[in-house]
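Presented below is the structure to which this report refers.
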Amino acid sequence: MLALGLMSGTSLDGVDAALVTTDGETVEHLGPARTEPYPDQLRRALRSVLGGVGPVAAVERDMTLFHAEVVRRLLAEAGRGAEDVGVIGFHGHTILHRPDEGRTWQIGDGALLAETTGIAVVNDFRSDDVAAGGQGAPLVPVFHRALAAGLGAPLAVLNLGGVGNVTWIGADGRVLAFDTGPGNALIDDWALAHTGVPIDEDGRLAATGRIHAARVAEFVRHDYFAKAPPKSLDRDDFATFAAELVAGLDAADGAATLAAFTAAAVSAGTRHFPTAAGRWLVCGGGRRNPVVMRALTTHLGIPVEPVEAVGWDGDAIEAQAFAFLAVRSLRRLPLTYPETTGCNRPLSGGRHHGG
């Protein structure tokens, strides 16, 4: 089936869209992909409803219609029509994630998207997992495993979006996954506050700063890092704690130290791996920050590579994953496992609209 995946990440940068031909178990072909940055007004609106406050319904509608436009543009680029696509995997945008309270909320109107595009839609991928005692995240590991077939193991695939998450893949196909800690969110928020630009592009700000090692050491003493998986995070779970630790630093030193927080969090997570990963592949926006990538190499003691080193598209992987997961949902195949989210059994999920 040709499926289309849509991902709006916690970094609030925009919508990733990708086409994938798959049966939900193997990946036959990875098609075109694109990223559409959010207009500033919509980005501000999304930021305003984080936590589940404010005009959520109005923002959800605007965000959904923007996704529909992204679908139209991708299909036009690919020379495809709506009739060619079997399903859209629509992640929506997470505005609240409190799995330990049994709550997770991804806004995005699946019925409206199906009506607007004329394509069947699967959305709300996380709720069933949380209801079954899972963390509702990460969802991408089963796709990572399909992509990594033949690459050798043990292998770690690290995604650095707003939050960092890692998939450890063993030689026997066993998968362990969890959120590592902050990805880009703290750095992005710091850059916005100190430069007016919502990203430290190419790590230029952090590159001119000094890492305050004592503050990094204090950061990784946070209880989260000792907690055994499964575990997951909301975008802002570390915001207050990190802000206290970098208080008083200038813009450059703060960015450098926050980049080190991200890398140290990943390294702290390796204590939970059954065996050490012999290779690290990095996707998500964080792989574009050379300061973060150097910090990862330092903290992990092993070179890390962007996923492009093995021919993957690091900007498209999460969107591709939701195309893959939508097909799995249609086939009632598991999306999550006790080893990836802590749910009580292998579990499918998602809500189906149209088609």
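Position in the sequence shown (from 1) plus 49 gives the number in this note's numbering.
Cβ coordinates follow ideal geometry from the N, Cα and C atoms, glycine included.
Quick check: Glu77 and Thr70, are their CB atoms within less than 7 Å of each other? Sequence index remark: in the sequence shown, residue 77 carries index 28 (1-based). Sequence index remark: in the sequence shown, residue 70 carries index 21 (1-based). Yes; because the gap between Cβ atoms is below 7 Å, this pair is in contact.
Rounded to a whole number of angstroms, what is the C-alpha to C-alpha distance between Asp238 and Val246? Residue mapping note: residue 238 aligns to position 189 of the sequence shown, counting from 1. Residue mapping note: residue 246 aligns to position 197 of the sequence shown, counting from 1. Going from the Cα of Asp238 to the Cα of Val246 covers about 9 Å.
Taking contact to mean 3 or more Cβ pairs, one atom from each stretch, closer than 8 Å, check whether the stretch 282–298 and the stretch 110–130 are in contact. no
So the candidates are Gly398, Val353, Cys392; which of them puts its Cα closest to the Cα of Phe373? On the sequence shown, position 324 is the one that residue 373 refers to. Among Gly398, Val353, Cys392, the Cα nearest to that of Phe373 belongs to Gly398.
Taking the alpha carbon of Ala288 as the point to measure from, which residue in Leu307, Leu349, Ala220 has its own alpha carbon closest? Within the sequence shown, numbered from 1, the residue matching residue 288 stands at position 239. Selected option, being the one with the closest Cα: Leu307.
Give me the Cα-Cα distance between Gly222 and Glu388, rounded to the nearest whole angstrom. By 1-based counting over the sequence shown, the position of residue 222 is 173. By 1-based counting over the sequence shown, the position of residue 388 is 339. Cα to Cα, the separation comes out at about 12 Å.
Between the stretch 320–335 and the stretch 343–357, do at least 3 Cβ pairs fall closer than 8 Å? yes
Out of Asp62, Gly73, Asp364, Thr143, state which residue places its alpha-carbon closest to the alpha-carbon of Leu91. Numbered from 1 along the sequence shown, position 42 holds the residue referred to as residue 91. Comparing Cα-Cα distances from Leu91 to each of Asp62, Gly73, Asp364, Thr143, the minimum goes to Asp62.
Exposed or buried, which one is Leu200 when buried takes at least 16 other CB atoms within 10 Å? Here the question's residue 200 lines up with position 151 in the sequence shown. When all chains shown are included, Leu200 counts as exposed.
Out of curiosity, what's the CA-to-CA distance linking Leu349 and Ala125? Your numbering for residue 349 matches position 300 in the sequence shown. Your numbering for residue 125 matches position 76 in the sequence shown. Distance between the alpha carbons of Leu349 and Ala125 is about 42 Å.
Flag this pair as yes or no: are the beta carbons of Leu204 and Gly232 separated by less than 7 Å? Here residue 204 refers to the residue found at position 155 of the sequence shown. Here residue 232 refers to the residue found at position 183 of the sequence shown. Contact flag unset, no.
With 16 as the cutoff for other CB atoms within 10 Å, does Arg47 come out buried or exposed? Summary: the structure shown does not reach residue 47, with the chain confined to residues 50 through 404, and so no result is reported for it.
So if DSSP puts Val56 in a beta bridge, which residue, or which two residues, is it bridged to? Position 7 of the sequence shown, counted from the first residue, corresponds to residue 56. At residue 56 the sequence reads Met, which differs from the Val that was named. Asp65, per the DSSP bridge assignment.
Residue range of the alpha helix (DSSP H) that includes Thr307: Residue mapping note: residue 307 aligns to position 258 of the sequence shown, counting from 1. The question names Thr, but residue 307 in the sequence shown is Leu. Here the alpha helix (DSSP H) through Leu307 covers 300–318.
Segments assigned beta strand (DSSP E), at least 3 residues, entirely inside the stretch 315–400: 328–332, 353–355
Starting from the N-terminal side, write out each stretch of the beta strand (DSSP E) that is 3 residues or longer and does not extend beyond the stretch 158–200. 170–172
Have a look at the DSSP bridge pairing and note the partners of Ala205. Numbered from 1 along the sequence shown, position 156 holds the residue referred to as residue 205. Bridge partners of Ala205: Trp217, Trp329.
Use the C-beta contact count for Ala106: other C-beta atoms within 10 angstroms, 16 or more gives buried, fewer gives exposed. Here residue 106 is taken as the residue at index 57 of the sequence shown, counted from 1. Label assigned to Ala106: exposed.
Compute the beta-carbon to beta-carbon distance between His321 and Ala277, rounded to the nearest angstrom, for a pair I have assumed lies under 8 Å. Here residue 321 corresponds to residue number 272 of the sequence shown, with the count starting at 1. Here residue 277 corresponds to residue number 228 of the sequence shown, with the count starting at 1. The Cβ separation is near 6 Å, so the contact holds.
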